[in-house]
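Numbering (our numbering), first residue to last: 76 to 278.
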């Protein structure tokens with residue numbers, strides 16, 4: 076397989092263009108997914124798509140979903156602690172996230188994004204090491220661009236640490252379980268809970 080070290084560059088670039096050039100959440104998300112698709116085509120991994128629907132033991136699904144749900148609920152109750160920008164609603168509107176687009180965005184992000192990301196980050200670019208891996212940080216890193224002007228530095232660091240843990244956690248489940256269904260479902264719950272919290276707090 077071609078060098079994996081170059082693989083994250085295009086998805087990172089897509090997020091940067093979507094946010095800082097087009098200033099559009101939909102353009103960012105679709106561009107991000109297209110970038111991942113292009114990288115996967117370029118790498119030509121042997122990982123079959125069926126692994127996204129594979130699990131050997133239901134306990135991994137329960138663990139993944141429970142931990143990720145707790146994270147989403149935690150964001151709701153710690154919202155003030157993270158000092159989220161008071162004008163977040165206006166900033167999101169500038170990204171074309173408004174009452175007429177939120178529902179579709181939440182649905183697509185929650186139902187499609189987890190499959191794309193888990194196949195890419197934990198599958199194609201995954202690593203079987205038990206400890207932290209540079210890939211966990213690379214997965215977490217692009218999220219910084221998403222929240223850059225919306226929360227203070229200490230909140231960004233907490234978010235980054237949480238996402239590094241999430242990347243490591245899902246990677247360990249994949250290593251133990253042999254499939255990606257449990258990480259995908261946990262990722263779905265996390266994405267949905269986080270977006271619903273943002274929507275609720277800015278409605």
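The beta-carbon is built from N, C-alpha and C at its ideal position, and this holds for glycine as well. Note that the structure is predicted; figures quoted are calculated from it, not measured.
So which of the options has the shortest CA-CA distance to residue i?
| i | options | result |
| --- | --- | --- |
| residue 210 | 242, 222 and 168 | 242 |
| residue 118 | 213, 82, 110 and 245 | 82 |
| residue 238 | 152, 98 and 208 | 208 |
| residue 205 | 165, 246 and 189 | 246 |
| residue 190 | 108, 150 and 220 | 108 |
| residue 222 | 201, 251, 167 and 96 | 167 |
| residue 105 | 133, 179 and 128 | 179 |
| residue 270 | 224, 255, 201 and 143 | 143 |
| residue 274 | 136, 227 and 177 | 177 |
Roughly how many angstroms lie between the CA atoms of residue i and residue j, to the nearest whole one?
| i | j | result |
| --- | --- | --- |
| residue 170 | residue 234 | 21 Å |
| residue 125 | residue 278 | 38 Å |
| residue 198 | residue 138 | 19 Å |
| residue 149 | residue 123 | 34 Å |
| residue 165 | residue 225 | 11 Å |
| residue 93 | residue 113 | 17 Å |
Just mark residue i as buried or exposed, buried being the case when its beta carbon has 16 or more other beta carbons within 10 Å.
| i | result |
| --- | --- |
| residue 267 | buried |
| residue 196 | buried |
| residue 95 | exposed |
| residue 229 | exposed |
| residue 186 | exposed |
| residue 116 | exposed |
| residue 213 | buried |
| residue 172 | buried |
Rounded to the nearest angstrom, how far is the Cβ of residue i from that of residue j, given a contact under 8 Å?
| i | j | result |
| --- | --- | --- |
| residue 86 | residue 102 | Wrong, their Cβ atoms sit about 14 Å apart, outside the cutoff. |
| residue 131 | residue 253 | 6 Å |
| residue 265 | residue 146 | 6 Å |
| residue 79 | residue 256 | Rounded, the Cβ-Cβ distance is 23 Å, inconsistent with contact. |
Does residue i get closer than 8 Å to chain C when you measure Cβ to Cβ?
| i | result |
| --- | --- |
| residue 149 | The displayed structure is made up of one protein chain only, and chain C is not part of it. |
message = For a minimum of 3 consecutive residues, which ranges assigned as the beta strand (DSSP E) are wholly contained in the segment 186-267?
response = Counting only unbroken stretches of 3 or more residues, no beta strand (DSSP E) element lies wholly within the segment 186-267.
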